[in-house]
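A.B. asks: Be aware that the sequence shown starts at 8, since it is given in my numbering, and climbs by one per residue.
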Amino acid sequence: MISGIIVIPAFNEMDSLPQLLGELVPELTSRDMIIVVDDSNPASATMTEERCRTVVVNAECQITFIKSATKGGRGGAVRRGFVYALNTCPNAHKFLECDADGSHRASDILSIYKSDSITDLLVGSRYLPSSRIIGWSFSRRFQSRVLNTLIPWILKLPLTDVTNGLRRYSRRAVEELLLFDPKSSGFIYLSEQAVIVHQSQLTVNEVPIVFAERRAGVSSVTSSELWQSLVGLVNIFRHRRQLGTARTD
Numbered sequence: 008m009i010s011g012i013i014v015i016p017a018f019n020e021m022d023s024l025p026q027l028l029g030e031l032v033p034e035l036t037s038r039d040m041i042i043v044v045d046d047s048n049p050a051s052a053t054m055t056e057e058r059c060r061t062v063v064v065n066a067e068c069q070i071t072f073i074k075s076a077t078k079g080g081r082g083g084a085v086r087r088g089f090v091y092a093l094n095t096c097p098n099a100h101k102f103l104e105c106d107a108d109g110s111h112r113a114s115d116i117l118s119i120y121k122s123d124s125i126t127d128l129l130v131g132s133r134y135l136p137s138s139r140i141i142g143w144s145f146s147r148r149f150q151s152r153v154l155n156t157l158i159p160w161i162l163k164l165p166l167t168d169v170t171n172g173l174r175r176y177s178r179r180a181v182e183e184l185l186l187f188d189p190k191s192s193g194f195i196y197l198s199e200q201a202v203i204v205h206q207s208q209l210t211v212n213e214v215p216i217v218f219a220e221r222r223a224g225v226s227s228v229t230s231s232e233l234w235q236s237l238v239g240l241v242n243i244f245r246h247r248r249q250l251g252t253a254r255t256d
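1. Output the residue ranges of the beta strand (DSSP E) runs that lie fully inside the stretch 104-192 and measure 3 residues or longer, sorted by chain position.
2. How about the stretch 125-134 and the stretch 166-185: do they share at least three Cβ pairs that are nearer than 8 Å?
3. Should residue 202 and residue 148 be called a contact, given that it needs their Cβ atoms to be closer than 7 Å?
4. List the DSSP bridge partners of residue 17.
5. Please list the terminal residues of the continuous beta strand (DSSP E) segment that includes residue 95.
6. Keeping to the same chain, check which residues put their C-beta closer than 6 Å to that of residue 75; ignore five residues upstream and five downstream.
7. Spatial neighbours of residue 243 within its chain, please: CB distance less than 8 Å, with the 5 preceding and 5 following residues excluded, ordered by chain position.
8. Between which two residues does the beta strand (DSSP E) harbouring residue 33 extend?
9. May I ask which residues mark the beginning and end of the alpha helix (DSSP H) holding residue 200?
10. Considering only residues of the same chain and omitting the five flanking positions on each side of residue 17, which have a CB-CB separation below 6 Å?
11. In chain order, what residues of the same chain lie with their CB nearer than 8 Å to the CB of residue 210, ignoring the 5 residues before and after it?
12. Let me confirm a value: residue 254 is counted as buried when at least 16 other C-beta atoms fall within 10 Å, else exposed. Which label applies?
13. If residue 104 sits next to residue 85, beta carbons under 8 Å apart, how far is it from one beta carbon to the other, in whole angstroms?
14. Cα-Cα, which of 140, 101 and 19 is closest to residue 77?
15. Cα-Cα, which of 204, 68, 35 and 54 is closest to residue 177?
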């Protein structure tokens, strides 16, 4: 019986993903499932899965690969993983998402995944006092810090980091997220997810993490996606009062 899910969106992560799975799998059991949602082209996605399977041959946990012929964005990939998990694992009560490129350390992923915190959204923050960022230039740190100061202020979110993709949700939070069609795409969808959870009067909390530059490959974020994220932020702000439902049950 699966009780916990780890969803990993991937795009051209043939070099990084096998290493990440090799670090995660030994710490997981038959009650855990990893869902890799790979938007790479079919040939690349198949090769990535084959490499990963050789690394995790003795895995106790279940590992599922969901492939798509088109790049639907990180948020879309995570949503597909969540839908699959809800439909196939009725007893799962915790759902974690993380990056495939190694920027999220396995130790932080596992710490958040196994945390005793009962919060509905638990975010791994790069901007708490004991957090660290490794390998970023000053300009990238500055841009990220500005975004993560302005966006929470604009959207009224009690978080220090709304653009980092290492986070764990309760089943109730995931069900809430999937009630709403996305108003944004790109990395800003992470902020939209936080808005939905917060507006639904579910609980939100953060823990510090160490964030590192990707292990291999190049970022899949394009200038077009950055522009789409800016447009998305405007859409989230405009529709923020309609995102999330204040439950009484």
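All residues carry an ideal CB built from backbone N, CA and C; glycine is no exception.
C.D. replies: A quick look at the data gives this:
1. Within the stretch 104-192, the complete beta strand (DSSP E) runs of at least 3 residues are 128-132, 139-141 and 174-177.
2. Yes, since at least three Cβ pairs between the stretch 125-134 and the stretch 166-185 fall closer than 8 Å, the two stretches touch.
3. The criterion of a C-beta distance shorter than 7 Å is not satisfied by residue 202 and residue 148.
4. According to DSSP, which records beta bridges pairwise, residue 17 is partnered with 45.
5. First-last for residue 95: 81-95, but that is the alpha helix (DSSP H), not the beta strand (DSSP E).
6. Cβ neighbours of residue 75 beyond the five flanking positions: 46.
7. Cβ neighbours of residue 243 beyond the five flanking positions: 162, 190, 191, 195, 198, 199, 202 and 250.
8. Element bounds for residue 33: n/a, residue is neither H nor E.
9. For residue 200, the enclosing alpha helix (DSSP H) has its first and last residue at 196-206.
10. For residue 17, where only same-chain residues beyond five positions count, the Cβ hits under 6 Å are 24, 43, 45 and 107.
11. 125, 126, 127 and 128.
12. Any answer about residue 254 is weak, because its pLDDT of 48 lies below 50 and its placement is not dependable; what the coordinates show is given next. Residue 254 sits exposed, since fewer than 16 C-beta atoms from the chains shown fall within 10 Å of its C-beta.
13. Residue 104 to residue 85, Cβ: 5 Å. Contact.
14. Comparing Cα-Cα distances from residue 77 to each of 140, 101 and 19, the minimum goes to 19.
15. Ranking 204, 68, 35 and 54 by Cα distance to residue 177 puts 204 first.
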